[in-house]
Amino acid sequence: VLLQVEVLLWVEVLLQVEVLLWAEVLLRVEVLLWVEVLLQVEVLLWAEVLLRVEVLLWVEVLLWVEVLLQVEVLLWVEVLLQVEVLLWAEVLLQVEVLLQVEHGAQDAAEGPGRQTLP
C-alpha cells in the first residue's frame, strides 16, 4: 500500500511537472505569437509612415513643378514685355526719323538761308 501511495505521489508530481512544462510551453508560444503580432503591427505602422512620406515627397515635387511652371510663365511674360518694348522703341525711332526727314524737307523748301544745323 505504501508503495502504491508513493507511486501515486510520484505520478502526481510528474503530472504536475508535465502540466507546468506545458503551461510554460503555452506561455512561450503565446509570447511568440504576441511578438509576431507586434512585429506585424510595427511593420504596418512603418509602411504607413513610409507611404505618408512618399505622398509628402510627391506633393513637394508637384509643388516644385508648379513653382517652376509659374517661373517659366513669368519669364515668358517678361520676354514678351521686352519684345513689346523693343517693338515700341523701333516704332518710335521710325516715327522720329520720319519727322526729321519731313522737317528737313520743309527746311529745304523754305530756302538755303533757313536750314538749321542738325
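Counted from 1, the sequence shown has number 105 at position 105 by full-length UniProt numbering; the numbering is strictly sequential.
A virtual CB, placed ideally from N, CA and C, is assigned to each residue, including glycine.
As the structure is a prediction and not an experimental result, all values here were calculated from the model.
Secondary structure of residue i, DSSP reduced to three states
| i | result |
| --- | --- |
| VAL91 | helix |
| VAL85 | helix |
| VAL1 | coil |
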